[in-house]
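Colleague:
There are 4 protein chains.
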Amino acid sequence: MANLDEIVQDIADEMRRRTDRGEVASYIPELARVDPNAFGIAVIDADGNVVAAGDSDTPFSIQSISKVFTLTLALGKAGDRLWRKVGREPSGSAFNSIVQLEHERGIPRNPFINAGAIAVTDSILSGHQPREALGEILRFMQFLSDDPTITIDRAVAASEQRTGFRNAALANYMKSFGVLDNPVEYTLGVYFHHCAIAMTCKQLAAAGRFLAHSGLNPATGSLVVHPERAKRINAIMLTCGHYDGSGEFAYRVGLPGKSGVGGGILAIAPGKASIAVWSPGLDAAGNSHLGRVALEALTKRMGWSIFGV
Amino acid sequence: MANLDEIVQDIADEMRRRTDRGEVASYIPELARVDPNAFGIAVIDADGNVVAAGDSDTPFSIQSISKVFTLTLALGKAGDRLWRKVGREPSGSAFNSIVQLEHERGIPRNPFINAGAIAVTDSILSGHQPREALGEILRFMQFLSDDPTITIDRAVAASEQRTGFRNAALANYMKSFGVLDNPVEYTLGVYFHHCAIAMTCKQLAAAGRFLAHSGLNPATGSLVVHPERAKRINAIMLTCGHYDGSGEFAYRVGLPGKSGVGGGILAIAPGKASIAVWSPGLDAAGNSHLGRVALEALTKRMGWSIFGV
Amino acid sequence: MANLDEIVQDIADEMRRRTDRGEVASYIPELARVDPNAFGIAVIDADGNVVAAGDSDTPFSIQSISKVFTLTLALGKAGDRLWRKVGREPSGSAFNSIVQLEHERGIPRNPFINAGAIAVTDSILSGHQPREALGEILRFMQFLSDDPTITIDRAVAASEQRTGFRNAALANYMKSFGVLDNPVEYTLGVYFHHCAIAMTCKQLAAAGRFLAHSGLNPATGSLVVHPERAKRINAIMLTCGHYDGSGEFAYRVGLPGKSGVGGGILAIAPGKASIAVWSPGLDAAGNSHLGRVALEALTKRMGWSIFGV
Amino acid sequence: MANLDEIVQDIADEMRRRTDRGEVASYIPELARVDPNAFGIAVIDADGNVVAAGDSDTPFSIQSISKVFTLTLALGKAGDRLWRKVGREPSGSAFNSIVQLEHERGIPRNPFINAGAIAVTDSILSGHQPREALGEILRFMQFLSDDPTITIDRAVAASEQRTGFRNAALANYMKSFGVLDNPVEYTLGVYFHHCAIAMTCKQLAAAGRFLAHSGLNPATGSLVVHPERAKRINAIMLTCGHYDGSGEFAYRVGLPGKSGVGGGILAIAPGKASIAVWSPGLDAAGNSHLGRVALEALTKRMGWSIFGV
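Residue numbers (the numbering used here), protein chains in the order written: chain H, 53 to 361; chain G, 53 to 361; chain A, 53 to 361; chain V, 53 to 361.
(1) Select from the segment 146 to 166 of chain A all residues with a C-beta closer than 7 Å to any C-beta belonging to chain H, and list them in chain order.
(2) Assuming A:Ala98 and A:Ser108 form a contact by the criterion Cβ under 8 Å, report the distance between their Cβ atoms to the nearest whole angstrom.
(3) Does the beta carbon of A:Asn234 come closer than 7 Å to any beta carbon on chain H?
(4) Taking the alpha helix (DSSP H) that G:Ile170 falls in, what are its first and last residues?
(5) With distance defined between alpha-carbon atoms, name the residue in V:Ala171, V:Gly338, V:Gly267, V:Glu66 nearest to V:Ala220.
(6) Would you say A:Ser175 faces chain H, with C-beta separation under 7 Å as the test?
(7) Is the Cβ-Cβ distance between H:Phe301 and G:Pro322 less than 7 Å?
(8) Distance check for G:Gly316 and G:Ser211, CA to CA, integer angstroms please.
(9) Taking Cβ-Cβ distances below 7 Å as the criterion, which residues of the segment 333 to 353 of chain A are in contact with chain V?
(10) Over what stretch of residues does the beta strand (DSSP E) that includes V:Ser311 continue unbroken?
(11) For H:Val102, which three-state DSSP category applies?
(12) Just verifying my parser: in three-state terms, what is the DSSP assignment at G:Met53?
(13) What is the DSSP secondary structure of G:Phe112, counted as helix, strand or coil?
(14) Taking 7 Å as the CB-CB cut-off, is V:Tyr303 touching chain A?
(15) Quick one: any contact between the segment 61 to 78 of chain G and the segment 341 to 351 of chain H, if contact means 3 or more CB pairs under 8 Å?
(16) Could one say the Cβ of H:Asn224 lies closer than 7 Å to chain G's Cβ atoms, at least one of them?
(17) Can you tell me whether V:Ala328 is helix, strand or coil according to DSSP?
(18) Starting from the C-beta of A:Ala130, find all residues in its chain whose C-beta is less than 6 Å away, skip the five residues before and the five after it, and write them out in chain order.
(19) Rounding to the nearest angstrom, what Cα-Cα distance links V:Gly230 and V:Gly158 in this structure?
(20) Return the bridge partner residues of H:Gly333 from the DSSP annotation.
(21) For the alpha helix (DSSP H) containing A:Ile320, name the first residue and the last one.
(22) Quick one: which chain A residues come within Cβ less than 8 Å of H:Leu217?
(23) Within 7 Å of any Cβ in chain V, is that where the Cβ of G:Ala126 sits?
(24) State the CB to CB distance for the pair A:Val242 and A:Gly128, rounded to an integer number of angstroms; the pair is presumed to be in contact (CB under 8 Å).
(25) Taking the alpha carbon of V:Ser326 as the point to measure from, which residue in V:Ala248, V:Arg161, V:Ser197 has its own alpha carbon closest?
(26) What does the Cβ neighbour count give for V:Val138, buried or exposed, with the cut at 16 atoms within 10 Å?
(27) Among residues of its own chain, excluding the 5 on either side of A:Met53, which ones have a beta-carbon nearer than 6 Å to its beta-carbon?
(28) Select from G:Leu256, G:Leu342, G:Val361 the residue whose C-alpha is nearest the C-alpha of G:Ala90.
(29) Just the C-alpha distance for G:Pro270 and H:Ala105, rounded to the nearest angstrom, thanks.
(30) Identify the contact partners of V:Ala362 in chain G, using a Cβ-Cβ distance below 7 Å as the criterion.
(31) Let me check understanding here. Comparing Cα to Cα, which of A:Arg281, A:Asp132, A:Ile150, A:Ala250 lies closest to A:Val313?
(32) Measure from the alpha carbon of V:Lys119 to the alpha carbon of each residue in V:Asn286, V:Asp335, V:Gly144, then state which is nearest.
(33) For V:Leu177, count neighbouring Cβ atoms within 10 angstroms of its own Cβ and tell me buried if that reaches 16, exposed if not.
(34) Per DSSP, which residues does G:Thr272 bridge with? Please list them.
(35) Can you pull the chain V neighbours of A:Val361, defined as C-beta to C-beta under 9 Å?
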């Protein structure tokens, strides 16, 4: 284990020194307040060892990383019927693009662009009250990370609800094609709130373990999803997890991963590790700049790429 | 080995029985003459065992599968300078779409859509005569598969040259943005001819082995590319190898792969196997229908997905 | 006058006989209840003679024809500052397309596509209460047609408010780019209500007279707008008044005109006449089919095209 | 006539003084050599009076203005069958955009964008040799302007032929959809050459007279086209004659017009005048900047707008 410890510490040290940090997301006012110099990393290996460095105990807004878990939850409830409302192909466009929806009759390309994640949230709601659906999502996150203290940052949710016009446009647009079943404001309310879940790198790495281990969370012994489904969620993370930077992430890091505009990335090394990094500055495609750099260094030194040693 | 043998034979038998075969490509007249019921498969495992079934010794037109090898060759010659002319992101559109080129100033999204592959071919040409460039590509294929009998099907090349107006549009369009350095007709000539290389499943699986083994071809002992580069080519195959069906292929098969409109698919199980399948009927995204079905069955039964067991 | 009388009657008779009527708009449920066989026409010539035939006294939902009048009102209030929020070019796409907004940073192409008309309505609102703005628009219509009985069909407005998700998408999308100043629901509320104004052909032809006479309404002697502005509104009607069928309308009818999905068309023969037709069946571009056919016959027989005799 | 004389001279004087001249087109190398300060104007009124000022006797490359005349010629040969290959709607995009072709199966939106004009040229060719077709077009121009000295500038044609990759892309793209009947290089050859016709403002104004007078050229007494067709060509000029600046031209000038990247504009005041202006500097949409400014001043002072006095 010495090796992983040392590598993780090295990477954290190097990231602290770097000055190329990208830009902190400003479109959600509340997110813009975060410390741009924060950096955290947590790796949980197959034996359950937690190796962490930097600000790995500071909660941050997981934002779009929540989409991995809402997808998991929605597939558990709706099964393959979910795919009537959302595709599984990379979009070739920005996270909040609406062009593709017009060309493809309101069906979002994949569950990880904003429109697709809103459709997934709508599927989880399916007639329930927003509060119930949100409770279910939060409990699922607490269950996965085996930590009942995880909460939603209400200030972030409120901030996005006040300013999330582009997501409101996406939701109304899908609603006009009959893709959403629930009232637009219900679906958006749940969506904004699950994006505002706050977690630390350690909590997030814990929550992702089932994806590294064929659907089983080794910490709790729970089979979260069937092994086949875990593989498939990983596949979607690889092809679509970083918006229009997914190809770049696959090319450089070589792992399934999902980023959020809060600066976090969850990456999965199947059979080997669940990894969470956090650095708030984003690159042009909206993904954590140093988060990606750190993961690239980690997978190179550990030989963890899924594309070969 | 009994196990792989049996599985491969099972799959070939099942594919023979199936009636859902897709549509044979008709836009290249010469390709439309192929037997729609053909099916071949060849798997070469880490130990060099060749397990094959069906029409695995019948040569077929590899078409876009050649793009994996021209990318490898071009990276060997130009290195990372190649990426000035072509991106590494999934396109979110059809193999021959020109829309993206207009929105992104003539730079194709990735080396596996037609425009990107034409840019790669242009880079290989780099001032040489078409005949020389084509000779170099063909010798590279013979070297990789350790088989000097591999040739170009001149009738297919001529057929595409007569009818390949859409590729001519792509090439002229890129030329208008200064992305191509050579005369358009030179670049297109080489492109049409390398797409017309004819190979059997066995030859193709042999040619792909270096991608399964960190850049080394175990059969010849040659280090074809640096291990890092082999990984990265695999990553691009995963995200972009099946045009607008790349997400679906990753989701179902879980391996890097590259398809061609001739009905072939090359798939790579890193560390484990190089696989070639061939069935001429295509799905809506232009990828071999039964080829994909066969690979899905193979990776499931062998546990070869890169996304988990 | 006998001539115009006869021609108008002939046209009404012919339209009654025709069986190619297009499709009544169904996306606003309340509009779908209208009699598909209705046909009305009213022409007011330069001398103020009203020549009418068919259902020219039946009120119908003017829908997008209201955009001509809100544009006039908004230009009166904001002057050329209005053009910071909306362009003056044909869109080359459907009336409710959102693609253009994404490519052009939320600025709608012209005031007659839905997005542009919503931006115009927002400009009229400019901080007032929706009720006041709506009152102002309605009074403007009553003033122009010199008829205080004109009202809003509340059932139609409510029907659109319940189902107008696509317009809500457009409004939220523009809001995300800062193009709208007022709360989205305010702007949409006023928009849905002014589209639901109900008028007869005679009232509508009266309201359009100022555009035929250099900004002056001969019936009331009021100078509604400066002559230069009247010309310019006519120009926008010509290039943009029929969505993606504007070229066809100019080619066949040869007059500035504005259509609505309620089946009405207002057409202006500068210096000669103001014309309103109504037939609920729409063509593929969303414009009244027989309305256009009737206008084509009228301008041909009267020699009223602006493009030559 | 004193009035028109004075106005035209005033305008020429003012244009000479102005320093906002736009940018001379550089994408055709030969065109970039023109004097950026040149300005010419010629107006021929209904009585045949020629009022001219500035460089009205200097030949310039008419470029896309030739499309008005090839459209006229093609309609004469193919009649309404021409509309199977090309539409009549504004494009909402740049003169050389290829995006629309992909979305609408290779059918250009109108005869005045490059793709549409290439399709029109292809229709004129219809199996003849390029030389014959080109001869026919040139003779038609000489016939219309009653001037046998009009020629093609071979240096400009050759310059465009060497560098016209984007037009080659458009032509090949349409060919791939079966929209062009002739070999691509034939059609492009004729297209590049008719765009390279050189004319003076006086010659061009003379050539346009039939459009101002219901299809009849008063100078020669020839009925060039049926009155109905003259109107319709004017309508297409109004909606599509200035690419993505057509709305602006209609709004400001209020006349049917067609621009060319050589800096010329032909404008038609139906029943009143045929007007040619020339100033090489272009605006962002590719239309002559001062040419449009001069026409705006002319129509304002003469009261020639088709949209009202």
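Virtual Cβ for every residue (Gly too), placed ideally from N, Cα, C.
Modeller: Working from what's here:
(1) Ser149, Ile150, Val151, Glu154
(2) Translated into positions along the third sequence, residue 98 of chain A becomes position 46. Translated into positions along the third sequence, residue 108 of chain A becomes position 56. At roughly 19 Å, the Cβ-Cβ gap does not stay under 8 Å, so A:Ala98 and A:Ser108 are not in contact.
(3) Along the third sequence, read from residue 1 onward, the residue named residue 234 of chain A stands at position 182. No - not a single Cβ of chain H is within 7 Å of the one on A:Asn234.
(4) Numbered from its first residue, the second sequence carries residue 170 of chain G at position 118. Residues 166 to 177.
(5) In the fourth sequence, residue 220 of chain V corresponds to position 168, counting from 1. It is V:Ala171 whose Cα lies nearest to the Cα of V:Ala220.
(6) Looking up residue 175 of chain A in the third sequence gives position 123. No, A:Ser175 does not count as interfacial toward chain H.
(7) The residue you call residue 301 of chain H lines up with position 249 of the first sequence. The residue you call residue 322 of chain G lines up with position 270 of the second sequence. No, Cβ-Cβ distance for H:Phe301 and G:Pro322 is not below 7 Å.
(8) Here residue 211 of chain G is taken as the residue at index 159 of the second sequence, counted from 1. Here residue 316 of chain G is taken as the residue at index 264 of the second sequence, counted from 1. In this structure, the CA atom of G:Ser211 is about 19 Å from the CA atom of G:Gly316.
(9) none
(10) On the fourth sequence, position 259 is the one that residue 311 of chain V refers to. From DSSP, the beta strand (DSSP E) with V:Ser311 extends over 309 to 311.
(11) Along the first sequence, read from residue 1 onward, the residue named residue 102 of chain H stands at position 50. Three-state DSSP puts H:Val102 in a strand.
(12) Here residue 53 of chain G refers to the residue found at position 1 when the second sequence is read from its first residue. With a pLDDT of only 42 at G:Met53, under the threshold of 50, the placement of this residue in the model should not be trusted, and no figure is reported.
(13) For the purposes of this step, residue 112 of chain G is taken as residue 60 along the second sequence, with counting starting at 1. G:Phe112: strand per DSSP, three-state reduction.
(14) Stepping through the fourth sequence from its first residue, residue 303 of chain V is reached at position 251. Output row for V:Tyr303: interface = yes.
(15) These segments do not touch.
(16) As a first step, residue 224 of chain H is located in the first sequence; it is residue number 172 there, counting from the start. Not an interface residue.
(17) Taking the fourth sequence and counting its residues from 1, the one referred to as residue 328 of chain V is at position 276. DSSP places V:Ala328 in strand when its eight states are reduced to three.
(18) Residue 130 of chain A sits at position 78 when you count from the first residue of the third sequence. So the list reads Ser175, once near-sequence residues are dropped.
(19) Against the fourth sequence, residue 230 of chain V aligns to sequence position 178. Against the fourth sequence, residue 158 of chain V aligns to sequence position 106. Those two C-alpha atoms are separated by around 8 Å.
(20) Along the first sequence, read from residue 1 onward, the residue named residue 333 of chain H stands at position 281. DSSP lists H:Val76 as partners of H:Gly333.
(21) Position 268 of the third sequence holds residue 320 of chain A. Unbroken run through A:Ile320 is the beta strand (DSSP E), 316 to 321; no alpha helix (DSSP H).
(22) Reading the first sequence from its first residue, position 165 is the one you call residue 217 of chain H. Reading off the sequence, residue 217 of chain H comes out as Phe, not Leu. By Cβ distance, chain A contributes Asn224, Tyr225, Lys227, Ser228, Val236.
(23) Counted from its first residue, the second sequence places residue 126 of chain G at position 74. With 7 Å as the cut-off, G:Ala126 does not count as an interface residue toward chain V.
(24) To locate residue 242 of chain A, count along the third sequence from 1; it is residue 190. To locate residue 128 of chain A, count along the third sequence from 1; it is residue 76. The pair is not a contact, with the Cβ atoms about 16 Å apart (cut-off 8 Å).
(25) Here the question's residue 326 of chain V lines up with position 274 in the fourth sequence. Residue V:Ser197 is the option with its Cα nearest to V:Ser326.
(26) The sequence position of residue 138 of chain V within the fourth sequence is 86, counting from 1. Buried, because 16 or more other Cβ atoms sit within 10 Å of the Cβ of V:Val138.
(27) Taking the first residue of the third sequence as 1, we reach residue 53 of chain A at position 1. The pLDDT assigned to A:Met53 is 42, lower than 50, so where the model puts this residue is not dependable; a value taken from the coordinates is nonetheless given after this. Around A:Met53: Asn101.
(28) Indexing the second sequence from 1 puts residue 90 of chain G at position 38. Per the Cα distances, G:Leu342.
(29) Here residue 270 of chain G refers to the residue found at position 218 of the second sequence. Here residue 105 of chain H refers to the residue found at position 53 of the first sequence. Straight-line Cα distance between these residues: approximately 40 Å.
(30) Given that chain V is displayed from residue 53 to residue 361, the structure contains no residue 362 of chain V and the question cannot be resolved.
(31) As a working mapping, residue 313 of chain A is identified with position 261 in the third sequence. Cα-wise, what sits closest to A:Val313 is A:Ala250.
(32) Here residue 119 of chain V refers to the residue found at position 67 of the fourth sequence. The residue with the shortest Cα to Cα distance from V:Lys119 is V:Asn286.
(33) To locate residue 177 of chain V, count along the fourth sequence from 1; it is residue 125. It counts as buried.
(34) For the purposes of this step, residue 272 of chain G is identified with residue 220 of the second sequence, where counting begins at 1. Per DSSP, none; premise fails for G:Thr272.
(35) Taking the first residue of the third sequence as position 1, residue 361 of chain A is located at position 309. Near A:Val361 (Cβ distances below 9 Å), the residues of chain V are Ser266, Pro279, Lys283, Pro322, Gly323.
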